[in-house]
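Residue numbers (my numbering), protein chains in the order written: chain A, 5 to 332; chain B, -7 to 255.
Heads up: the structure comes next, in structure tokens.
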Ligand SMILES: Cc1cc2nc3c(=O)[nH]c(=O)nc-3n(C[C@H](O)[C@H](O)[C@H](O)COP(=O)(O)OP(=O)(O)OC[C@H]3O[C@@H](n4cnc5c(N)ncnc54)[C@H](O)[C@@H]3O)c2cc1C
Ligand SMILES: Nc1ncnc2c1ncn2[C@@H]1O[C@H](COP(=O)(O)O)[C@@H](O)[C@H]1O
């Protein structure tokens, strides 16, 4: 495969995101001989720090340095990338909130194929990449053929490739700013205003040692009472998955996941939670995970250490009673 | 404000266990409960609220077949003014690009100010909104969890980013937005509402009506193609506790005590 592979780098405050080195591993799985170029947009000293950090991991580090990118707006960046990327390149982008904003439209502007949320690659044959995806929040997987012969934009699920920390490239930094800015600053129809920080809740779940976490399996707001009782008996804090927050049953500050909080407890108890990657992605620090779910095939059982296949509405009250008895 | 909302009929994953069929060509569909894709329901609710405030109309559209009419009716019962089914033999096997090309042809038949999609559907792709926007050369914002209409030229939107934070943008109309769950509380649709729209005629637009070249969509136009469904080889996974509830609780308490789970 002679196509060049690019990895789009997410970074914050001068430090590359964990996905940066995962993209190298993904690229190698795609093409063992690939020389992978990093593409980094930003401004000034923070951008330079990220470039320096990554230059030993990529064959080339392409940087776009402009004040307007100090906070990167996908609508602006997409149009700049089209000016610098070759038409038949393979562009890997992390499948998270920024990548989801940037990547689908980029594929159209490059007239390249689009492959969203790949979790693995199984080789290229006759210009067709065989990739693995998941559907139905991870309940089933699929093999997908993607015709990459005219280029492709592929979003890669964070955490699905093991970061390549070998630092085995001795790359160089290539300043692509002038080329990216040719014709002026694009994308003016969407103007970034500000970031509104999340409201702080009454409990900071990122500091909790023991979390009792509740998901859509609780079925009804009234049933939350049994979760409160269990948490009290255990001396645990309560967290939840996204649908519980969407329904306004618990505050947003209690949501665990990629668009909620990242927690690092010692023990995490997932009750009626299916185990979508956006949820599990918020559980860090290798806690002991206990999952209770009535579906034995729920993906959460893959992430958990101990599993119980049961209806939480029956199981939880019994468990709470036993803990209270035990404590006397 | 003329608003188009793209919707898809999808198996309700909180109601169903999704399983792969015998030969891996599809999931077991026999006993599935279908509904409108969760994200799309929030998009339709948002469109209705904007219309009620600003005037105009809400149209819901889906690319599918006669089975998919039920979600159009459901969203009309919710309050959408019009529904359109885009259906043709040649649409079968379309990838995200194909679905978007079909939707684009419909968009160009009228002067819409705003197009809403869900952030993602059952296959977890999250692609149609962004692709459609690029094809139309309209501005786009994904994962929108807040909309404030400033005037008939521009709106303010909030995008959901990491950590529960929100990114605010001003964006010119017409534009495409993909809607994240939690942006509103979708209204309940009762049996009576559904009954009212049960006999409405839903217009069907075919490839011919839309002026779509058949080879540009469907399987022939697709650059990505699903080969099979499978259950991945599972890793170790959890140790599943077995026995009577009493025995299970005994074992669980052991673990909790050992790992510091009970204070
Ligand atoms: C961009 C983006 C960001 C996201 N960010 C987050 C995030 O930060 N956090 C997050 O949680 N999600 C997030 N999501 C949503 C995520 O994809 C899932 O939709 C969500 O995590 C599902 O929550 P759940 O497991 O509670 O519900 P479901 O997936 O509906 O699962 C419910 C589970 O409960 C089980 N169950 C049902 N009834 C019972 C019962 N009586 N007893 C026992 N088990 C029962 C079912 O078998 C099922 O496994 C995000 C999605 C997107 C697109
Ligand atoms: N067949 C379809 N018909 C109409 N809209 C669709 C269709 N498929 C996807 N969409 C829209 O695109 C959104 C994202 O879906 P996807 O890109 O498939 O994850 C959905 O929430 C819908 O709004």
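Virtual Cβ for every residue (Gly too), placed ideally from N, Cα, C.
Residue 205 of chain B classed as buried or exposed, judged by whether at least 16 other C-beta atoms fall within 10 angstroms
For the purposes of this step, residue 205 of chain B is taken as residue 213 along the second chain, with counting starting at 1. When all chains shown are included, residue 205 of chain B counts as exposed.
Check distances from the C-beta atoms of the region 94 to 126 of chain B to those of chain A and list, in chain order, the residues that come in under 9 Å.
111, 112, 114, 115, 116, 117, 118, 119, 120, 121, 122, 123, 124, 125, 126
Whose Cβ in chain B lies nearer than 8 Å to the Cβ of residue 257 of chain A?
Position 253 of the first chain, counted from the start, is the residue given in the question as residue 257 of chain A. Here the neighbours are 156.
Check whether the Cβ atoms of residue 123 of chain A and residue 83 of chain A lie closer than 8 Å to each other.
The residue given as residue 123 of chain A occupies position 119 in the first chain. The residue given as residue 83 of chain A occupies position 79 in the first chain. No; because the gap between Cβ atoms is not below 8 Å, this pair is not in contact.
Expected contact under 8 Å - CB spacing of residue 286 of chain A and residue 264 of chain A to nearest Å:
Residue 286 of chain A sits at position 282 when you count from the first residue of the first chain. Residue 264 of chain A sits at position 260 when you count from the first residue of the first chain. Indeed they touch by this definition, with Cβ atoms about 6 Å apart.
What do you get for residue 223 of chain B, buried or exposed, if any count of 16 or more other CB atoms within 10 angstroms of its CB means buried?
Here residue 223 of chain B refers to the residue found at position 231 of the second chain. By the neighbour-count rule (16 or more Cβ atoms within 10 Å), residue 223 of chain B is not buried but exposed.
Can you tell me whether residue 252 of chain A sits near ligand 1, meaning its C-beta is under 7 Å from at least one heavy atom of the ligand?
Translated into the one-based positions of the first chain, residue 252 of chain A becomes position 248. Residue 252 of chain A: no, Cβ never under 7 Å from ligand 1.
Residues of chain A with a CB under 8 Å from the CB of residue 244 of chain B: which are they?
Mapped onto the second chain, residue 244 of chain B falls at position 252. Those within 8 Å of residue 244 of chain B in chain A are 294, 310, 312, 323.
Find the nearest neighbour of residue 208 of chain A within the set A/65, A/280, A/317, A/255, judged by alpha-carbon distance.
Taking the first chain and counting its residues from 1, one reaches residue 208 of chain A at position 204. Nearest of A/65, A/280, A/317, A/255 to residue 208 of chain A, Cα basis: A/255.
Can you give the beta carbon distance from residue 143 of chain A to residue 17 of chain B, rounded, assuming they're within the 8 Å contact cut?
As a working mapping, residue 143 of chain A is identified with position 139 in the first chain. As a working mapping, residue 17 of chain B is identified with position 25 in the second chain. In fact, because the Cβ distance is near 17 Å, the residues do not count as touching under 8 Å.
At 4 residues or longer, what runs of the alpha helix (DSSP H) sit wholly inside the region 85 to 169 of chain B?
88 to 99, 120 to 128
Short CB-CB distance (under 8 Å) between residue 210 of chain B and chain A:
In the second chain, residue 210 of chain B corresponds to position 218, counting from 1. So no, residue 210 of chain B is outside the interface.
Cβ distance (whole Å) where residue 39 of chain B is taken to contact residue 12 of chain B below 8 Å:
Position 47 of the second chain holds residue 39 of chain B. Position 20 of the second chain holds residue 12 of chain B. The Cβ separation is near 35 Å, so there is no contact.
I'd like to confirm the pairing. Which residues does DSSP put opposite residue -3 of chain B in its beta bridges?
Counting from 1 along the second chain, the entry for residue -3 of chain B is found at position 5. DSSP output for residue -3 of chain B lists B/52, B/108 as bridge partner(s).
Determine contact between the region 127 to 142 of chain B and the region 97 to 117 of chain A, defined as no fewer than three beta-carbon pairs at a distance below 8 Å.
yes
So, under 8 Å CB-CB, residue 68 of chain A and residue 45 of chain A are touching, yes? Tell me the CB distance rounded to an integer number of Å.
One-based indexing of the first chain puts residue 68 of chain A at position 64. One-based indexing of the first chain puts residue 45 of chain A at position 41. Contact flag correct, Cβ pair sits at about 4 Å.
Can you grab the Cα-Cα spacing for the pair residue 217 of chain B / residue 119 of chain A, in whole Å?
Residue numbering aside, residue 217 of chain B sits at position 225 when the second chain is read from its first letter. Residue numbering aside, residue 119 of chain A sits at position 115 when the first chain is read from its first letter. Those two C-alpha atoms are separated by around 10 Å.
Could you tell me how far apart the beta carbons of residue 305 of chain A and residue 229 of chain B are, in whole angstroms, since I believe they sit closer than 8 Å?
Translated into positions along the first chain, residue 305 of chain A becomes position 301. Translated into positions along the second chain, residue 229 of chain B becomes position 237. Indeed, because the Cβ distance is near 5 Å, the residues count as touching under 8 Å.
Under the rule that 16 or more other beta-carbon atoms within 10 Å means buried, what is residue 175 of chain B, buried or exposed?
Residue numbering aside, residue 175 of chain B sits at position 183 when the second chain is read from its first letter. Residue 175 of chain B should be labelled buried.
Beta-carbon of residue 159 of chain B versus every beta-carbon of chain A: anything under 8 Å?
Working through the second chain from its first residue, we reach residue 159 of chain B at position 167. With 8 Å as the cut-off, residue 159 of chain B counts as an interface residue toward chain A.
Taking the alpha carbon of residue 182 of chain A as the point to measure from, which residue in A/202, A/87, A/249 has its own alpha carbon closest?
Position 178 of the first chain, counting from 1, holds the residue named residue 182 of chain A. Minimum Cα distance to residue 182 of chain A is reached at A/87.
Endpoints, the beta strand (DSSP E) within which residue 298 of chain A is located:
Within the first chain, numbered from 1, the residue matching residue 298 of chain A stands at position 294. Counting along the chain, residue 298 of chain A falls outside any beta strand (DSSP E), and DSSP gives it neither H nor E.
Should the region 229 to 248 of chain B be called in touch with the region 191 to 199 of chain A, which here means at least 3 C-beta pairs below 8 Å?
no
For residue 134 of chain A, the residue or residues it bridges with in DSSP
Here residue 134 of chain A refers to the residue found at position 130 of the first chain. DSSP lists A/149 as partners of residue 134 of chain A.
Do the region 186 to 203 of chain B and the region 79 to 95 of chain B meet, that is, are 3 or more Cβ pairs less than 8 Å apart?
yes
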